[in-house]
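Participant:
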Amino acid sequence: MRRSAATRTLLIAATFLTPQGWTRSAETPGFEGRDARCLLVSSYHPGNEWGDGIAGGLKEALGNRCVLRTFYMDSKRNREPEAIAGAALQARDLIDQWKPDIVITSDDNAARYLVMPWLRDVALPVVFCGINWTVEEYGFPYPNVTGMVEVAPVAPLLDLVRQLRPAAAAAMYIGADTFTEGKNLERTREVAREKGFELNHALVSTTAQWIEAYQRAQDFDVVMLGNRSGIDDWDTEAIREALLRDTRRISVTNYRTMTPYAMIGYTKIPQEQGAWAGKLAVEILDGGDPSDYPIVANRQWDIWINLRLLTVGHIHLPFRLIHKAKWVHKIGR
Amino acid sequence: MTVFTPGERLVLGGLVATALVAALAFSLVFENHRLLERFRADTQRIADRFSTQLDSEEALLTAMSGLAHAGRPELPQNFTLFTEDVLGKYPFIRSVRYLAKILRSERDAFEQTMRKSGYPQFRISTLSANGERMPAGNRPVYYPVVIVEPMEPGTARYLGLDASSSDGMCGAIALAVQSGESVAAEAMDPGGDAPRYTLLKAVYKGRVPPEAGDRGTHSAGLVVMDIDMTYLHNVVETLYPKIGVRLEMDVAGASAGPVTVMERKAPRRQAGALLPVMQRTYAFPTHHAVFRLSFTETPALADFNLVIVLLPILSTALLAGVVVFALRERRIVQIQERRARDTVFAEKERAEVTLHSIGDAVVRTNMDGNIEYLNPTAEKLTGYGRAEAVGRPVASVVNVGNKKSGFETGVFLAAGAMDSMEADGDGQKLVRRDGTIVSIDESVAPVQDANGDIIGIVFVLRDVGVERQLTEKLRYQASHDALTGLINRQEFERLLELALEDARRVNASHALLVMDLDQFKVVNDTSGHIAGDQLLKQLSSLLEHTVRNSDVVARLGGDEFGVLLRDCSIETARRIADKLRQEVGSFRFSWKEKIFDVSVSIGVVAMDATTANLTELFSAADSACYIAKDMGRNAVHVSSPDDAAITHRHKEMQWVQRLKMALREDRLVLYCQQIQNLDSSCYPGRIVEFLLRMKTTEGEIVSPMSFLPAAVRYNMIVEIDRWVASHVMSTVAEILSSGDDDAGGDRLYAMNLSGQFLGDPASKSFLVSEIERTGVDGSRLCFEVTESSAISNLAEALELMRALKSLGCRFALDDFGSGISSFGYLKQLPVDFLKIDGEFVRDMLVDPIDRSMVEAINKVGHSLEICTIAEFVEDAETLEMLGAMGVDFAQGYFIGLPAPVSEYLQAVDKGEST
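Heads up: the sequence lines are chains A and B, in that order. The numbers in the first sequence follow the working numbering, run straight up by one, and end at 333. The numbers in the second sequence follow the working numbering, run straight up by one, and end at 1247.
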């Protein structure tokens, strides 16, 4: 409670600080006799696989064009809005002190808590990446903000299912009973409808419920696995037994963490997000105007094949898919 | 030289010029034809390349339209993968796009779908005249860009751009849709200077309708490929830089006529106007357009192959030259024969004059050995006039005594056994007509005629008497000592080498004596160097007269002499050495009313077949000489292989080498040992003694007992003491300045000084300057000297002690009790501490005599108001007894082991050693 109160005080104080002081340092960023500075504000923490992947793609694309510094908001481990807002204020202070020539943000919380309240319509260019599905809620684009949206490859996954099971019409979605998964379900349902699938769902809170939902899902043409983040008692062994025992239908997922539990996975690639943000940053540092670059969506995905589950379910895949895929040999690990 | 007449020259020149012009004309015609052939081949290769490119474009466009047809182009994974692959492999493809066909009624829904798919700004738009994007106006159908490859921030902006909004593209799209074939058009996207054109191919829903009228309604979109001709431009520029190229695209039905897609002008070249321009055009008809590739090249003289052009000309010129040359040669031979006769006569005259003028004597004989000629110098040298000498045998005029005559040598030369000959090193002696003898250098060479046949011998003689005398003098100086006239070390070593060789070859026995004068320094110091030189001269003479005739005496340097005793047993050598010792011992050297007794120490070494080399021989002799000196001087020591003294000496010398290396490589280290205060009233503080150790190259720590004796014997101890004093003071300065010294300013830092150091007059100023350099307070320093060293150098020691005591320094008398004259001197020496010799302390618990000695020394010390320190305290009982006796300080392994300075300081920090 003490922490929340302090953060709140910080927020109130911060509202009196205007972002007017953040101007691009010169006509061409990075000059004034010093190296260009790029600040990456990551929504997550060091060691987060997705965040690190974005940072990796970004660094490769930036090369030596600027000095890169990273600020971690750590919002995956500290989920309270006050804490995230406090981290955003720290990032804002860092921008104030270090005076980067461009700010790159990764994932939603950086956009929601930093870009939207503090960096809107300022001269400082901002490139975002890793924002899920849509930027509508943040009102992007702003004249100084552009970037890449992160769209889960649901449509190509369902295209594949359609190729494998031309007559399939009913799908079952199983995910954790969380707000985020609820949103994901709705997005998936919309795409499924376009692809000619009727999507049923089960959002669960326990391993037992998940297993029960999985058993029910075998009555549908296809099983779609949503994220398990939020199922606190996730029991890998129990799930593994259920998969070996009950699997009869083709199962797919768009989540990297669920690839050990689904036959086929199409997952987003964080490096693509980082690389696009890096390329945009270089263009802008070289004199480009952010408003000249439209917001785009990711176009690449990793293909995962769980050979063990495919064998259990007696599912055969076309060679070109196997050829391109990354293989998962075990179930549940 | 005028060879031909003017008329002859005119005729010859005309013939040659005509032949050359004809050859040039032939070459140019031939070469021009060759250049045309090359131009045709080059342009054909470029055209073939472009033709292949067109085929590839058609094939790729068909493949991509097939992919778009098969899948859903709005979600373009397969299409993207394929185009990424194509872009990497075909450098002429700049970009690939997919244009979706969107009817006006579908526009809103389509835009909405795209916005939901991650393109929130997507809208179907057009470009205004000034290049700005604006929403597309109402049209029945739109062709917006929905896929662009490569997808980059710079190309992403074309997403949504309606291709049909451009007039030029609109017609091409309509044609592509209606025909179902690939259609060429001007480049679609704005910007960029690269030479480009665009290819389009329609994609239909289902099969391609056979009727053209149905194709519009069944079309789904178009695949567009932007072709960049920079690639071909660069190929031409790199591989065919002389060729100009222009690519025109003539689209069927286009009102504007052919469009120039790419142009590279032929470079302007020198002399181009003289030669015809080469041109060639290739046409490539496609479905709805014709591409024309036009090439031009202006040949230049530089293109001509010089070899081909010049070969006929050169051949003609060569032929003409040969003819003219042959004519000319014939004429020249005639002229030269006439001139040669005149020249030979003049040359002979000049040779005669030259021979008369040179300083060397020249004598020429015929093959019978009779003189034919001698020059005036030869007349003067031999004493015979030319008239008398000519016709006489050469040996009777050039008389070289018993040596092989020049004529004999000349015969050898004539027979081809020798090329030439010079006199040997000793030189020739010539007996002149009057009987006097002169030294000469003689060289002999055969005289050959034009055919190489020997027709006589020529002798060249030179009077070298003066040169030879000078050489002899230099040779003597190089091998003899200037002062004594004895042979010098270099010559002596040469003779020793010969003797060693002799010993090995015939198993002979020789001996070497090395002698060192014992009192030479006294003579030099007291009466000057002139007296010293005189002594050396007289002694040299004495030595030479004492040894046998076959022996060799040499001055090896300074006051050191060597004697080589040839064919001499070791016993005889010992006797001769002893005789030499006695002779020198009985010699009295007087100088300005002073009489000096001198003596000599002699080392004797046998030289036989087992002697390894000169170095070892000298080493053994030097060691034996040292031992003779150690024996009290005026002595002889004979070295033998099992000589323990020699072995010990060798070991010591090895330690000296190691010590020198350690000094050079900074491997001397300081240790510290605590001296415990036993409730002393004479000095309230504590004492630390710095001890010296040597680190071997392997890192082992060596005790000073191993190397200090050698250092003392070989005069290195002063250098080592300086190292110790300097490093101790620097360390103490560091300790004091860092605050590690926690003893309240009363800890005393002690170090040892040797007798030689005390005796060195420079030591005092050295220590004073070190104290000044480091800034150490003198009252924190204590110097330990042994009683024997202080007594041996009493005067110098007293002077040094007084000077340093004036700076506050203290002194301790080390190992007190081990000497024999202790108490008497103790009163004279201004020492502050007395260190009782550890040998007494160690056994004092069991040996009542030792205990009494410790008690006595302690009492004497205290009676002189000197603090006492007991060494070698190795157990608690001894420490207790010393305390009971009233000894002030104790030192030993029981109190604390010696430790490296850093460890000691750490222990001090922890309070372990204080």
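A virtual CB, placed ideally from N, CA and C, is assigned to each residue, including glycine. Computed from a predicted structure; not experimentally measured.
1) Assuming contact is defined by CB atoms lying nearer than 9 Å, are residue 188/A and residue 226/A in contact in what I supplied?
2) Contact between the stretch 473-490 of chain B and the stretch 423-443 of chain B: three or more CB pairs below 8 Å?
3) So with CB distances below 9 Å, who are the chain B contacts of residue 293/A?
4) Spell out whether any CB of chain B is found under 9 Å from the CB atom of residue 317/A.
5) Which of the three DSSP states, helix, strand or coil, is assigned to residue 996/B?
6) Quick one: residues in its chain with C-beta nearer than 6 Å to the C-beta of residue 397/B, no 5 flanking neighbours on either side, listed in chain order?
7) Output, in chain order, the set of chain A residues within a Cβ distance shorter than 8 Å of residue 1303/B.
8) Just reading off the beta strand (DSSP E) that residue 1099/B is part of, what are its end residues?
9) Could you give the distance in angstroms between the alpha-carbon of residue 45/A and the alpha-carbon of residue 249/A?
10) With distances taken from CA atoms, which of 255/A, 262/A, 235/A is nearest residue 247/A?
11) Look at residue 857/B and residue 942/B and say whether their C-beta atoms are less than 9 Å apart.
12) Which partner residues of residue 775/B appear in the DSSP bridge assignment?
13) In three-state terms, what does DSSP make of residue 1028/B?
14) Consider the Cβ of residue 413/B: report whether some Cβ of chain A lies at a distance smaller than 9 Å.
15) Checking the sheet assignment: what are the DSSP bridge partners for residue 533/B?
16) For the stretch 651-664 of chain B against the stretch 585-604 of chain B, do three or more pairs of beta-carbon atoms, one drawn from each stretch, fall closer than 8 Å, so that the two count as touching?
17) Does residue 627/B get closer than 9 Å to chain A when you measure Cβ to Cβ?
18) Per DSSP, what kind of secondary structure is residue 593/B in: helix, strand or coil?
19) By the 8 Å beta-carbon criterion, what residues does the stretch 435-453 of chain B contribute toward chain A?
20) Taking Cβ positions, are residue 563/B and residue 611/B nearer each other than 9 Å?
21) Let me know the secondary structure DSSP gives residue 73/A once reduced to three states.
22) Which of the three DSSP states, helix, strand or coil, is assigned to residue 1227/B?
23) Output the residue ranges of the beta strand (DSSP E) runs that lie fully inside the stretch 38-109 of chain A and measure 3 residues or longer, sorted by chain position.
24) Please confirm whether residue 493/B has its beta-carbon closer than 9 Å to some beta-carbon of chain E.
25) Any beta carbon from chain B within less than 9 Å of residue 298/A's own beta carbon?
26) For my contact list, residue 622/B and residue 599/B are in at a C-beta cut-off of 8 Å; report their separation, rounded to the angstrom.
27) Mind pulling the alpha helix (DSSP H) runs of 4 or more residues that sit fully within the stretch 193-242 of chain A?
28) Only counting the same chain, and skipping five residues up and downstream in sequence, which positions put a Cβ closer than 6 Å to that of residue 1109/B?
29) At which residue ranges does the stretch 412-489 of chain B contain complete beta strand (DSSP E) runs of 3 or more residues, listed in the order of the chain?
30) When the Cα of residue 1010/B is compared with those of 893/B, 812/B, 1221/B, which residue comes out closest?
31) Cutting at 7 Å between CB atoms, please list the residues of its own chain near residue 553/B, excluding the five before and the five after it.
32) Ordered along the chain, which non-local residues of its own chain (more than five positions away) have a Cβ less than 8 Å from that of residue 1153/B?
33) Could you list which residues in chain B have their beta carbon closer than 7 Å to that of residue 280/A, in chain order?
34) Take the Cβ of residue 363/B as the centre, count every other Cβ of all protein chains shown within 10 Å, and call the residue buried at 16 or more, exposed below.
35) For residue 970/B, does the count of other Cβ atoms within 10 angstroms reach 16, so buried, or fall short, so exposed?
36) Is residue 906/B helix, strand or coil by DSSP?
Facilitator: This is what the structure holds:
1) As a working mapping, residue 188/A is identified with position 188 in the first sequence. As a working mapping, residue 226/A is identified with position 226 in the first sequence. Taking 9 Å as the Cβ cut-off, residue 188/A and residue 226/A qualify as a contacting pair.
2) Flag = yes, the stretch 473-490 of chain B and the stretch 423-443 of chain B touch.
3) Taking the first sequence and counting its residues from 1, the one referred to as residue 293/A is at position 293. Within chain B, the residues near residue 293/A are 486, 487, 489, 490.
4) As a position in the first sequence, residue 317/A is number 317, starting the count at 1. Closer than 9 Å: no.
5) Here residue 996/B corresponds to residue number 663 of the second sequence, with the count starting at 1. If DSSP states are grouped into helix, strand and coil, residue 996/B belongs with the helices.
6) Residue 397/B sits at position 64 when you count from the first residue of the second sequence. Taken in chain order, the residues that qualify are 556.
7) The structure shown has nothing for residue 1303/B, since chain B only spans 334 to 1247.
8) As a first step, residue 1099/B must be located in the second sequence, where it is residue number 766. Where residue 1099/B is concerned, there is no enclosing beta strand (DSSP E), although the alpha helix (DSSP H) it sits in stretches over 1096-1107.
9) Numbered from 1 along the first sequence, position 45 holds the residue referred to as residue 45/A. Numbered from 1 along the first sequence, position 249 holds the residue referred to as residue 249/A. The straight-line gap from Cα to Cα measures roughly 37 Å.
10) Stepping through the first sequence from its first residue, residue 247/A is reached at position 247. Closest option to residue 247/A, Cα to Cα, is 262/A.
11) In the second sequence, residue 857/B corresponds to position 524, counting from 1. In the second sequence, residue 942/B corresponds to position 609, counting from 1. No. Outside cutoff.
12) Along the second sequence, one-based indexing puts residue 775/B at 442. In DSSP, residue 775/B forms a bridge with 794/B.
13) The residue given as residue 1028/B occupies position 695 in the second sequence. In the structure shown, residue 1028/B sits in a strand (DSSP, three-state: E or B).
14) Along the second sequence, read from residue 1 onward, the residue named residue 413/B stands at position 80. Residue contact check for residue 413/B against chain A: a CB pair falls below 9 Å.
15) Taking the first residue of the second sequence as position 1, residue 533/B is located at position 200. In the DSSP output, where bridge partners are listed per residue, residue 533/B has 516/B, 557/B.
16) Judged by Cβ distances under 8 Å, the stretch 651-664 of chain B makes no contact with the stretch 585-604 of chain B, as fewer than three pairs qualify.
17) One-based indexing of the second sequence puts residue 627/B at position 294. Chain A, which has no Cβ nearer than 9 Å to the Cβ of residue 627/B, makes this no.
18) Taking the second sequence and counting its residues from 1, the one referred to as residue 593/B is at position 260. In this structure, residue 593/B counts as strand in the three-state DSSP scheme.
19) For the stretch 435-453 of chain B, which is checked against every Cβ of chain A, the residues closer than 8 Å are 449, 450, 451, 452, 453.
20) Here residue 563/B corresponds to residue number 230 of the second sequence, with the count starting at 1. Here residue 611/B corresponds to residue number 278 of the second sequence, with the count starting at 1. Note that the C-beta distance between residue 563/B and residue 611/B is not below 9 Å.
21) Here residue 73/A refers to the residue found at position 73 of the first sequence. Coil.
22) Indexing the second sequence from 1 puts residue 1227/B at position 894. Coil, per DSSP.
23) Runs found: 67-72, 102-106.
24) Absent here is chain E; the protein component of the structure consists of chains A and B.
25) Reading the first sequence from its first residue, position 298 is the one you call residue 298/A. True, the Cβ-Cβ gap to chain B drops below 9 Å.
26) Along the second sequence, one-based indexing puts residue 622/B at 289. Along the second sequence, one-based indexing puts residue 599/B at 266. With 8 Å as the limit, residue 622/B and residue 599/B do not qualify as a contact, their Cβ atoms being about 25 Å apart.
27) 207-217
28) On the second sequence, residue 1109/B is found 776 positions in, with the first residue counted as 1. Counting only Cβ-Cβ distances below 6 Å, and skipping sequence neighbours, we find 1062, 1065, 1066.
29) 426-433, 458-460, 466-468, 478-482
30) For this step, residue 1010/B is matched to residue 677 along the second sequence. Taking only the C-alpha atoms, the option nearest residue 1010/B is 1221/B.
31) The residue given as residue 553/B occupies position 220 in the second sequence. Only 434, 536, 537, 538 meet the Cβ criterion.
32) Stepping through the second sequence from its first residue, residue 1153/B is reached at position 820. Low confidence applies here, because residue 1153/B scores a pLDDT of 48, under 50, leaving its location unreliable and the question unanswered by this model.
33) Here residue 280/A refers to the residue found at position 280 when the first sequence is read from its first residue. Correct list: 486.
34) What you label residue 363/B is simply residue 30 of the second sequence in a count that begins at 1. It is exposed - the Cβ of residue 363/B has fewer than 16 other Cβ atoms within 10 Å.
35) Residue numbering aside, residue 970/B sits at position 637 when the second sequence is read from its first letter. Looking at its Cβ environment, which holds 16 or more other Cβ atoms inside 10 Å, residue 970/B is buried.
36) The residue labelled residue 906/B in the question sits at position 573 within the second sequence. DSSP places residue 906/B within a helical segment (H, G or I) once states are collapsed to three.
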